[in-house]
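Undergrad:
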Amino acid sequence: MSILFTDRLVLRPFKETDAEAMYKNWTFDNRVAKYCRWYPHSNIEMTQQLLNMYLEEAKKGFEYRWAILLNGNDAPIGAIDVVGVSEDNKTATVGYALSYNYWNKGYATEALKEVIKHLFNNGFNVIEAEHHIDNIASGKVMEKCGMKYIGDSKAQKKFGSDEYCIVKQYQIKKP
Ligand SMILES: CC(C)(COP(=O)(O)OP(=O)(O)OC[C@H]1O[C@@H](n2cnc3c(N)ncnc32)[C@H](O)[C@@H]1OP(=O)(O)O)[C@@H](O)C(=O)NCCC(=O)NCCS
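The sequence shown begins at 51 in my numbering and counts up by one.
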């Protein structure tokens, strides 16, 4: 499982002791969950369950999920992962979330750029991402990483809900 480094960040696999920082930094937070399909967690046990799933998937060989850390601090401030892979294993869809306290400092862009590079070096030819139409910051991150807008589609608003929303889709191809 790869650890990735950028100028200011370390992207490492999640580990068993991460639940507290995850909950404190973003999983509790409706501001972070607002345009995501997950609901904010009302207690740390929910985060622990999510983390257990992450660790289980990693044990089974899933290699494309990272905790985002500030260089020199081992408490995760966010997460970035592959949320879907095409049947031919050539296209990966990525997702990310960051603690509200760290927004608008370029961190998500820095993390996504590194993950795109890593995925291109590991057999993927196309990286995709999508965001809720009102989630302007996320679209900016995609654009700043060189991704191109390819169209809109309808997507489930929240896991388990029948409500749908418009999402904007972006893509970048391996040079
Ligand atoms: C989306 C998210 C990851 C962005 O992280 P970030 O580290 O703040 O992103 P960056 O700082 O790299 O870039 C954000 C850009 O959006 C811009 N931006 C932020 N809010 C904006 C708004 N309301 N309107 C226009 N631009 C906005 C910032 O100015 C910045 O652009 P700039 O560098 O040109 O100034 C973060 O807001 C987040 O975690 N949101 C909640 C989870 C989420 O929505 N994840 C994505 C699901 S698709």
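Even glycine gets a Cβ: it sits at the ideal position worked out from N, Cα and C.
1. Would you say the beta carbon of residue 201 is closer than 6 Å to some non-hydrogen atom of ligand 1?
2. Provide the residue span of the alpha helix (DSSP H) that contains residue 224, from first to last.
3. Quick one: any contact between the stretch 54 to 70 and the stretch 155 to 167, if contact means 3 or more CB pairs under 8 Å?
4. Any heavy atom of ligand 1 closer than 6 Å to the Cβ of residue 153?
5. To the nearest whole angstrom, what separates the beta carbons of residue 79 and residue 117, a pair I think is in contact under 8 Å?
6. According to DSSP, is residue 156 helix, strand or coil?
7. Beta carbon of residue 159: closer than 6 Å to some heavy atom of ligand 1?
8. Taking the beta strand (DSSP E) that residue 204 belongs to, which residues open and close that run?
9. In chain order, what residues of the same chain lie with their CB nearer than 8 Å to the CB of residue 131, ignoring the 5 residues before and after it?
10. Given this structure, state the Cα-to-Cα distance separating residue 163 from residue 95, to the nearest angstrom.
11. Return the residue from the list 51, 53, 223, 74 that minimises the CA-CA distance to residue 148.
12. If we call anything under 7 Å between Cβ atoms a contact, is residue 195 one with residue 207?
13. Just curious, the alpha helix (DSSP H) that residue 62 is in, first and last residue?
TA: Taking the definition as stated:
1. Checking every heavy atom of ligand 1 against the Cβ of residue 201, none is found closer than 6 Å.
2. Per DSSP, residue 224 belongs to no alpha helix (DSSP H) and is neither H nor E.
3. yes
4. Correct: residue 153 has its Cβ closer than 6 Å to ligand 1.
5. Taking C-beta atoms under 8 Å as the contact rule, residue 79 and residue 117 fail to qualify, at a distance of about 16 Å.
6. coil
7. yes
8. 198 to 206
9. 114, 115, 116, 144, 145, 146
10. 32 Å
11. The residue among 51, 53, 223, 74 with its C-alpha nearest the C-alpha of residue 148 is 74.
12. no
13. Looking at the DSSP string, residue 62 is not in any alpha helix (DSSP H); the run it does join, the beta strand (DSSP E), is 59 to 62.
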